[in-house]
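A.B. asks:
In this note's numbering, the protein residues as written are 10 to 243.
#1: Taking only three categories from DSSP, how would you classify residue 207?
#2: So, using beta-carbon positions, are residue 27 and residue 175 closer together than 9 Å?
#3: Quick one: is residue 130 buried, meaning 16 or more other Cβ sit within 10 Å of its Cβ, or exposed?
#4: Using the C-alpha atoms, what's the distance from residue 139 back to residue 122?
#5: Counting pairs of beta carbons, one from the region 148 to 168 and one from the region 33 to 49, are three or more of them closer than 8 Å?
#6: Where does residue 81 sit, in a helix, a strand or coil, going by DSSP?
#7: Which of the three DSSP states is assigned to residue 132 in this structure?
#8: Can you grab the Cα-Cα spacing for the pair residue 184 / residue 152, in whole Å?
#9: Quick check on the DSSP output: the alpha helix (DSSP H) that includes residue 21 runs from which residue to which?
#10: What residues in its chain sit with their C-beta under 6 Å from that of residue 92, if we drop five residues either side in the sequence?
#11: Which two residues bound the contiguous alpha helix (DSSP H) that contains residue 32?
#12: Could you give the first and the last residue of the continuous alpha helix (DSSP H) run that contains residue 157?
#13: Is it the case that the CB of residue 147 approaches a heavy atom of the ligand PLP more closely than 8 Å?
#14: Could you spell out where the alpha helix (DSSP H) holding residue 125 opens and where it closes?
#15: For a quick check, are the C-beta atoms of residue 163 and residue 137 less than 9 Å apart?
#16: For residue 94, write down the residues that DSSP places opposite it in a beta bridge.
#17: Could you say which of 56, 62, 189, 58 lies nearest to residue 44 if we only look at CA atoms?
#18: Using the Cβ count rule (16 or more neighbours within 10 Å means buried), how would you classify residue 105?
#19: What residues in its chain sit with their C-beta under 7 Å from that of residue 191, if we drop five residues either side in the sequence?
#20: Looking only at its chain, what residues have a beta carbon closer than 6 Å to the beta carbon of residue 29, apart from the 5 residues adjacent to it on each side?
#21: Within its chain, find whatever has a CB closer than 6 Å to the CB of residue 208; leave out the 5 residues flanking it on each side and keep chain order.
#22: In whole angstroms, give me the CA-to-CA distance for residue 203 and residue 89.
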């Protein structure tokens with residue numbers, strides 16, 4: 010009888026990738042050697058992908074601390090295309106985002122996970138921490154359903170010639186998907202997109218849902234493609 014190939018365990022790799030996408034403070038940089046060892050020991054990623062991640066970790070370890078932290082903020086917090094908040098790529102500023110956040114947060118609670126103070130449920134490192142608690146088959150399927158978002162961020166990071174693109178490439182590999190960078194559309198900075206006339210008192214009016222529009226619970230591609238349904242993954 011033939012046996013179906015099942016995904017390798019990827020718990021350690023997912024947690025390392027989640028950490029690599031976090032703010033590169035002194036504490037994180039101190040763990041970089043151990044993180045590289047965990048990736049090698051688990052063997053869930055190809056040697057070529059691990060080499061790319063080793064380059065990123067070596068850069069983070071050797072670079073000026075203040076410069077590294079400043080570059081991180083500029084890269085991930087100053088534009089939509091590279092945002093690590095997944096619902097930013099799905100719902101934008103529409104009213105769909107609130108209910109989706111609540112449902113995802115409840116999924117974490119059922120799994121016994123508690124978000125750090127001020128951390129939003131759709132923050133990619135938090136999502137990866139949750140996925141790391143799932144069995145390999147479910148984890149791979151969950152990642153696969155987010156592949157279109159990963160490819161969008163991957164493309165934006167490649168356009169900026171950022172070594173962080175290797176992390177998104179690794180996530181696509183763990184999902185069993187091919188890295189196919191999506192060329193990001195021209196965008197305005199997040200700070201500018203929130204600038205509104207006085208009459209709105211600072212509340213963004215962009216991307217508002219239409220009356221009667223469905224309120225998705227999960228991560229979906231705008232228009233049609235259903236992605237990671239939180240309840241199914243728990």
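Yeah, the Cβ is synthetic: ideal placement off N, Cα and C, and Gly gets one too.
C.D. replies: Taking the coordinates as given:
#1: Bear in mind that a pLDDT of 38 at residue 207, under 50, signals an unreliable position, so the number given afterwards is only what the model happens to contain. Note: residue 207 maps to helix in three-state DSSP.
#2: no
#3: buried
#4: Each residue's Cα considered, the two are about 7 Å apart.
#5: no
#6: DSSP, read as helix, strand or coil, puts residue 81 in helix.
#7: strand
#8: 5 Å
#9: 20 to 29
#10: none
#11: Careful: residue 32 lies outside any alpha helix (DSSP H) and carries neither H nor E.
#12: 156 to 168
#13: No copy of the ligand PLP appears in this structure; indeed no ligand is present at all.
#14: From DSSP, residue 125 is part of no alpha helix (DSSP H); its letter is neither H nor E.
#15: No; because the gap between Cβ atoms is not below 9 Å, this pair is not in contact.
#16: 132
#17: 62
#18: Counting the other CB atoms within 10 Å of its CB gives residue 105 a total of 16 or more, which places it among the buried residues.
#19: 160, 161, 164
#20: 176
#21: The predicted model places residue 208 with a pLDDT of 38, which falls under 50 and marks its position as unreliable; any figure quoted below should be read in that light. No residues qualify anywhere along the chain.
#22: Caution applies to residue 203, whose pLDDT of 42 falls short of 50 and renders its modelled position unreliable; the value that the coordinates give is listed next. C-alpha of residue 203 to C-alpha of residue 89: approximately 12 Å in a straight line.
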